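Student:
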Amino acid sequence: MAKRKIDGVLLLDKPFGVSSNNALQKARWLLQAEKAGHTGVLDPFATGLLPLCFGEATKFAQRMLDADKGYRATLQLGQVSTTLDGEGGITRSGEVTCDLSQINAVLKAFTGDIEQVPPMHSALKHQGKALYEYARQGVEIERAARAVTIYSLDIVSFERDVLVLDVSCSKGTYVRTLADDIGRVLGCGAYLAGLRRTRTAGFLLDDAIGLDELGLLEMPQREARLMAPQTLVTDLPQIELSPEDTDRILHGMSVGRRAEWPDGAGLFQLYGSPQNGHNRAFLGLGEVASDDVLRPKRLLATA
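So for the sequence shown, full-length UniProt numbering puts the first residue at 1; every next one is plus one.
1. Is residue 159 helix, strand or coil when you go by DSSP?
2. When you compare only the Cα positions, how much space is there between residue 319 and residue 114?
3. As a quick exercise: from 84, 200, 27 and 197, pick the residue whose alpha carbon is nearest that of residue 3.
4. In the structure shown, what three-state DSSP assignment does residue 60 receive?
5. Suppose you measure from the CA of residue 227 to the CA of residue 52; what does that come to, to the nearest Å?
6. With a 10 Å radius around its C-beta and 16 neighbouring C-beta atoms as the bar for buried, classify residue 167 as buried or exposed.
7. Inspect the beta-carbon positions of residue 103 and residue 192 and report whether they are closer than 8 Å.
8. Check each candidate in 6, 10 and 5 and name the one with the smallest Cα separation from residue 208.
9. Would you tell me roughly how many angstroms separate the C-alpha atoms of residue 84 and residue 241, rounded to the nearest one?
10. By the 10 Å Cβ neighbour count, where 16 or more other Cβ atoms means buried, how is residue 80 classified, buried or exposed?
11. Can you tell me whether residue 100 is buried or exposed, with buried defined as 16 or more other CB within 10 angstroms of its CB?
12. Tell me the DSSP secondary structure of residue 32 in three-state form.
13. What residue range is occupied by the uninterrupted alpha helix (DSSP H) comprising residue 101?
14. How many Å lie between residue 91 and residue 189 at the Cα?
15. Any chance the region 54-67 sits against the region 29-36, with 3 or more Cβ pairs inside 8 Å?
16. Once DSSP output is grouped into helix, strand and coil, what is the label at residue 246?
17. Starting from residue 212, trace the alpha helix (DSSP H) in both directions and tell me its first and last residue.
18. Can you grab the Cα-Cα spacing for the pair residue 213 / residue 108, in whole Å?
19. In this structure, does DSSP put residue 115 in helix, strand or coil?
20. Determine whether the beta carbon atoms of residue 270 and residue 239 lie at a separation below 8 Å.
Listed below in structure tokens is the structure:
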């Protein structure tokens, strides 16, 4: 099947039991796309929002790794897991005697800036090898605690020994570790029985499509699900360039600050002037340094 140049972002609802890469390759095959990449891994047992990038959109995928995330997490209380989730060996760990007031007090203690020790069953590297590879060999590697931020922990439901939470957190948060830590403080133990990503950056699960549903669509309908590459950088301020400045930037040259531009240094979305035949086209990203000079940072291909 011939591959095509396709640019855009697809919001995928990743199914259970499928790796992020396998989900990406399936979507890539359905779109017959030449180039594709994802914006951060979801474990196979996790489901939910996985933005996929195609073509020129892959140039901005890295920024999504730093985005805040939202999850719906299901905690099984009274039991613990060797992997901190449902894929490990499960053992009984204690009676569940806590009530909602006690749970709320514990959740409050875990809200804000906290430290986590990454789980052994994770893709974090040690001497070039993922920790889960050591774990499979029965080897325990000492891990340093890492700072993360839990913005909110909201109880969705609590029935007997099953606690469902909405988690809003920073990048790098291990929800498996959070579940295990909460269980320890509650005194009964817990593991992460289910995880569904509901939000990443400004994207929502409600706008995502499943692989099966995508496969039932005709090609024009599949392509219609793609959002423009610049949807990955809408949090950045915009600069609209004059015809002359557009030409300079597209040729890799710098431009001195113009009075009409937003103040400050940092990254900016760049748009070509509509008077120059670009129809206010998105050009990519530029960076204004402390010397008040705009330089091209990551541009779309013009050919």
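Glycine included, C-beta positions come from ideal geometry on N, C-alpha and C. These numbers come from a predicted model, not from an experiment.
Tutor: In short, the structure shows the following:
1. Here DSSP, grouped into helix, strand and coil, assigns residue 159 to strand.
2. Because the chain in this structure spans residues 1 to 303, residue 319 falls outside the shown range and cannot be described.
3. Looking at the Cα atoms, 27 is the closest of the given residues.
4. Secondary structure of residue 60 (DSSP, three-state): helix.
5. C-alpha separation (whole angstroms): 10 Å.
6. The residue is buried, with at least 16 neighbouring Cβ atoms inside 10 Å.
7. With contacts defined by Cβ atoms closer than 8 Å, residue 103 and residue 192 do not form a contacting pair.
8. Answer by Cα proximity: 10.
9. Going from the Cα of residue 84 to the Cα of residue 241 covers about 51 Å.
10. The residue in question, residue 80, is buried, as its Cβ has 16 or more Cβ neighbours within 10 Å.
11. Around the beta carbon of residue 100, fewer than 16 other beta carbons sit within 10 angstroms, so the residue counts as exposed.
12. Coil.
13. Start and end: 100-109.
14. Between residue 91 and residue 189, the C-alpha separation is close to 10 Å.
15. Because the criterion of three Cβ pairs below 8 Å is met, the region 54-67 and the region 29-36 touch.
16. Helix, per DSSP.
17. Element bounds for residue 212: 211-216.
18. Roughly 39 Å separates the two Cα atoms.
19. If DSSP states are grouped into helix, strand and coil, residue 115 belongs with the strands.
20. Result yes, Cβ atoms of residue 270 and residue 239 sit closer than 8 Å.
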